[in-house]
Amino acid sequence: MDATAASAASPDPNSGPDLSLGRDPAVHADVGAGPEPRSSGRAQNAAGFETIAIHAGQEPDPTTGAVVPPLHLASTYAQDGVGGLRGGFEYSRSSNPTRAVLETCLTALEGGRAALAMSSGMAATDTVLRAVCRPGDHIVIPADAYGGTYRLVARVLSQWNVEHTAVDLADAEATRAAIRPGVTRLVWCETPTNPMLTIADIGALATLAHDAGALLAVDNTFASPYLQQPLSLGADVVVHSTTKYLGGHSDIVGGAIITADPDLAERLRFLQNAAGAVPGPFDCWLLLRGIRTLPVRMDRHCANARHVATHLAAHPAVETVRYPGMPGHPGYPVAVKQMRDFGGMVSFTLSGGHAAALELCARTRLFTLAESLGGVESLIEHPASMTHASVADSPLAVPANLVRLSVGIENADDLADDLRQALDGLSTAFPSKAADTTTASRAGSS
Ligand SMILES: *Cc1c(COP(=O)(O)O)cnc(C)c1O
Numbered sequence: 001m002d003a004t005a006a007s008a009a010s011p012d013p014n015s016g017p018d019l020s021l022g023r024d025p026a027v028h029a030d031v032g033a034g035p036e037p038r039s040s041g042r043a044q045n046a047a048g049f050e051t052i053a054i055h056a057g058q059e060p061d062p063t064t065g066a067v068v069p070p071l072h073l074a075s076t077y078a079q080d081g082v083g084g085l086r087g088g089f090e091y092s093r094s095s096n097p098t099r100a101v102l103e104t105c106l107t108a109l110e111g112g113r114a115a116l117a118m119s120s121g122m123a124a125t126d127t128v129l130r131a132v133c134r135p136g137d138h139i140v141i142p143a144d145a146y147g148g149t150y151r152l153v154a155r156v157l158s159q160w161n162v163e164h165t166a167v168d169l170a171d172a173e174a175t176r177a178a179i180r181p182g183v184t185r186l187v188w189c190e191t192p193t194n195p196m197l198t199i200a201d202i203g204a205l206a207t208l209a210h211d212a213g214a215l216l217a218v219d220n221t222f223a224s225p226y227l228q229q230p231l232s233l234g235a236d237v238v239v240h241s242t243t244k245y246l247g248g249h250s251d252i253v254g255g256a257i258i259t260a261d262p263d264l265a266e267r268l269r270f271l272q273n274a275a276g277a278v279p280g281p282f283d284c285w286l287l288l289r290g291i292r293t294l295p296v297r298m299d300r301h302c303a304n305a306r307h308v309a310t311h312l313a314a315h316p317a318v319e320t321v322r323y324p325g326m327p328g329h330p331g332y333p334v335a336v337k338q339m340r341d342f343g344g345m346v347s348f349t350l351s352g353g354h355a356a357a358l359e360l361c362a363r364t365r366l367f368t369l370a371e372s373l374g375g376v377e378s379l380i381e382h383p384a385s386m387t388h389a390s391v392a393d394s395p396l397a398v399p400a401n402l403v404r405l406s407v408g409i410e411n412a413d414d415l416a417d418d419l420r421q422a423l424d425g426l427s428t429a430f431p432s433k434a435a436d437t438t439t440a441s442r443a444g445s446s
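And the structure:
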C-alpha cells in the first residue's frame, strides 16, 4: 500500500503526479457545495501520500499567490443575482472555502470520492450512524469500541430502536454469528482498537458485512490514513477523530468522514448540513497545517512506540505489553498485511494490579497524565478510570491494571528512561513483594 514512489520522480507537483482535486478550478468550485462526489486522488499516476498531504486541494491562492490556503471566516457570500453563487458558496454551514480545501485533502488522503469535515469525532460517528440506520436496524460494534462510540450506540441510538451487538471483531466466526442478514445495517470496526490494540482484518470484515447486505465503517483514528487505508481494503466509509493524529498537536477537536460511495456521500452531505455539526474555519485551517506533517510525525510515532514497547516488555513490573508490531501480538500477521507500520499507541498491564497502574500514571515526568492521543507530546492514562469510565459496568469494561500510552515524537531514549524510572520506583510493583521492594526504592525518589 506504499504509494510513495511517484513523488521522488516529479519534484514539480504541477507537472507530475495527479493530485486531481483542487488543481481543476471547476472541481474545486463545487467542493462542499453539494452531494456531487468528487474524483479520486488516487487515479493512475497518483501522487505519493506525502505529496498529497501537502498539496491536495492546496494550490497557491490565485489572487495573491499565498502558498498557504486563506482562512475564510465569512459566514455568508455575495450572490450575483438570486442563486448566482460564486464558486458554489452560499452559507458556511453548507460549505466554506477553507473547509472545502480540507475536505478535498481528506478525500485524497483516504482515496475516497468525498469527505466531510465535522466538529468532532463523535459528530462524525453520529452522522454515519444516522445516515445509515433506521429504527429496527441492528449494528455490530467492537467488544472494545471507543467508549464514546459505545455510549452513543448504547444510550442514544437505542432510544431510536437501533439495536447493537458487541463482538470481538478479531474473531471471524463470532462476528459472522453476530451479523443478522437483512437486519444488520452496519458493521462498525476499529483497528487497532482503543485501548486494547486488537487488530481486525478489514478485508475479511468487508466480505462478511457485504455478504449479509451490511456496510462496513472503519474508525481509522488510531492508524491514520498514512498507516492504513480502509477504503482500499473494501470498507464503505471511514471515520476519524481528527483531534488525534491528523491534527497531531492537541489543539483542535474535530472529526471527518470519507467514503467512495456516491450515494452514501449524498446522504452524509445532507445530514452534515441538516444537523449542522460542522467545524469552524480556523479549526479546518489548523487541521490542514497538521496534516502536512502527518507522514513524518507518524514515522517517528511508530519508531518511538516500538522502542518503548521493547523496553516495557523487558521490565519485571510489566505483566504484558500490547503493541501490534510485536510478533507475539495475536493480530500481528493481519497488521503486517494491512498496515504500513504499527502506530504510536502502546498499552500494557502491570503485575502490581490496579494500584500499580494508578501509581505509575502519577510517577512519569515526561509522559503527561491526560486523556486523548496522537499529539506530538507523550501522554499516559489509566483507561478504566479515565477514557473508558463510561464502559465500566458494561461488557466493554477494560482491565483495572491496564495503562495506555500515546507515544509522542520526543527523543526515544528520554521516553524509555522516563518509564523506567517510574516503573523502578513503584511501591506496588508486585502484589506479594510490594512491602519489601518498596521502601528501598521509594526512599531514593522524591
Ligand atoms: C477520540 C476518539 C473518538 C472521538 O473523537 P472526538 O474528536 O473526541 O469526538 C472516536 N474514536 C476514537 C478511536 C477516538 O480515539
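The sequence shown begins at 1 in UniProt numbering and counts up one residue at a time.
From the three backbone atoms N, C-alpha and C, an ideal C-beta is built for every residue, glycine too.
(Q) Buried or exposed for proline 395, going by 16 or more other Cβ atoms inside 10 Å? (A) exposed
Q: State yes or no: is the C-beta of valine 128 within less than 8 angstroms of the C-beta of isoleucine 139?
A: no
Q | Euclidean distance between Cα positions of histidine 55 and glutamate 359 | A | 45 angstroms
Q. If we ignore side chains and look at the alpha-carbon of each, how far apart do leucine 21 and glycine 48 end up?
A. Caution applies to leucine 21, whose pLDDT of 35 falls short of 50 and renders its modelled position unreliable; the value that the coordinates give is listed next. Going from the Cα of leucine 21 to the Cα of glycine 48 covers about 14 angstroms.
**Q.** arginine 134, DSSP secondary structure in three states
**A.** coil
**Q.** Nearest neighbour of glutamine 272, chosen from Ala123, Ser427, Pro60, Pro70 [CA to CA]
**A.** Ala123
Q) Between glycine 276 and the rest of its own chain, which residues show a CB-CB distance below 7 angstroms, the 5 nearest in sequence each way excluded? A) Arg93
Q) Under the criterion of a Cβ to heavy atom distance below 7 angstroms, does aspartate 126 qualify as lining ligand 1? A) no
Q: Just confirm the distance between the C-beta atoms of valine 237 and leucine 208, as a whole number of angstroms; I'd bet it's less than 8 angstroms.
A: That belief does not hold up - the Cβ atoms of valine 237 and leucine 208 are roughly 16 angstroms apart, past 8 angstroms.
Q. Would aspartate 283 be called buried (16 or more neighbouring beta carbons within 10 Å of its own) or exposed?
A. buried
Q) With distances taken from CA atoms, which of Ala356, Thr387, Ala357 is nearest alanine 370? A) Thr387
Q) So, using beta-carbon positions, are valine 308 and valine 403 closer together than 8 angstroms? A) no
Q. Would you call arginine 134 buried or exposed, if buried means 16 or more other Cβ atoms sit within 10 Å of its Cβ?
A. exposed
(Q) Is the beta carbon of histidine 354 closer than 8 angstroms to that of alanine 400? (A) yes
Q | Inter-residue spacing [alpha-carbon to alpha-carbon] between leucine 215 and glycine 255 | A | 20 angstroms
Q: Note down, in chain order, each residue of its chain lying with its Cβ closer than 7 angstroms to the Cβ of residue 531, except the 5 sequence neighbours on either side.
A: A query on residue 531 cannot be resolved here, the shown segment of the chain reaching from 1 to 446 and no further.
Q) Any idea if asparagine 96 is buried or exposed, counting beta-carbon neighbours within 10 angstroms, 16 or more meaning buried? A) buried
Q) Comparing the CB of proline 373 with every heavy atom of ligand 1, is any distance shorter than 7 angstroms? A) Note that residue 373 is leucine in the sequence shown, not proline. Result yes, Cβ under 7 angstroms from ligand 1.
Q: Would you kindly work out how many angstroms separate the C-alpha atoms of glutamate 90 and alanine 223, rounded to a whole number?
A: 35 angstroms
Q. If you follow the alpha helix (DSSP H) that serine 285 is part of, which residue opens it and which one closes it?
A. First, the amino acid is wrong: residue 285 is tryptophan here, not serine. Start and end: 281-292.
Q. Quick one, are the C-beta atoms of glutamine 159 and leucine 233 less than 8 angstroms apart?
A. no
Q. By DSSP, does threonine 184 sit in helix, in strand, or in coil?
A. strand
Q. First and last residue of the alpha helix (DSSP H) that includes alanine 209?
A. 202-211
Q.
What does the Cβ neighbour count give for valine 162, buried or exposed, with the cut at 16 atoms within 10 Å?
A. buried
Q: Could you tell me whether any non-hydrogen atom of ligand 1 is closer than 7 angstroms to the CB of aspartate 283?
A: no
Q. Measuring CB to CB, does tyrosine 323 end up less than 8 angstroms from valine 346?
A. yes
Q.
Along the chain, where does the alpha helix (DSSP H) containing isoleucine 54 start, and where does it finish?
A. 49-55
Q. Near alanine 143, which residues of its chain fall below 7 angstroms by C-beta distance, leaving aside the five closest residues on each side in sequence?
A. Ala166, Val167, Asp168, Pro395, Leu396
Q: With distances taken Cα to Cα, identify the nearest neighbour of tryptophan 188 among Met196, Glu173, Leu197, Tyr150.
A: Tyr150
(Q) Determine whether the beta carbon atoms of residue 462 and leucine 288 lie at a separation below 8 angstroms. (A) Since the first residue shown for the chain is 1 and the last is 446, residue 462 is missing from the structure and cannot be characterised.
Q | Any non-hydrogen atom of ligand 1 within 7 angstroms of methionine 122 CB | A | yes
Q.
Is the separation between the beta-carbon of leucine 423 and that of valine 318 shorter than 8 angstroms?
A. yes
Q) Does the beta carbon of valine 253 fall short of 7 angstroms from some heavy atom of ligand 1? A) yes
Q. If we call anything under 8 angstroms between Cβ atoms a contact, is glycine 325 one with arginine 306?
A. yes
Q | Spatial neighbours of arginine 267 in its chain, beta-carbon cut-off 6 angstroms, leaving aside the 5 residues before and after | A | Ala131
(Q) Here's a check: name, in chain order, each residue in its chain whose Cβ is nearer than 8 angstroms to the Cβ of leucine 415, leaving out the five neighbours to either side. (A) Asn304, His307, Val308, Leu366, Phe367, Ser378, Val407, Gly408
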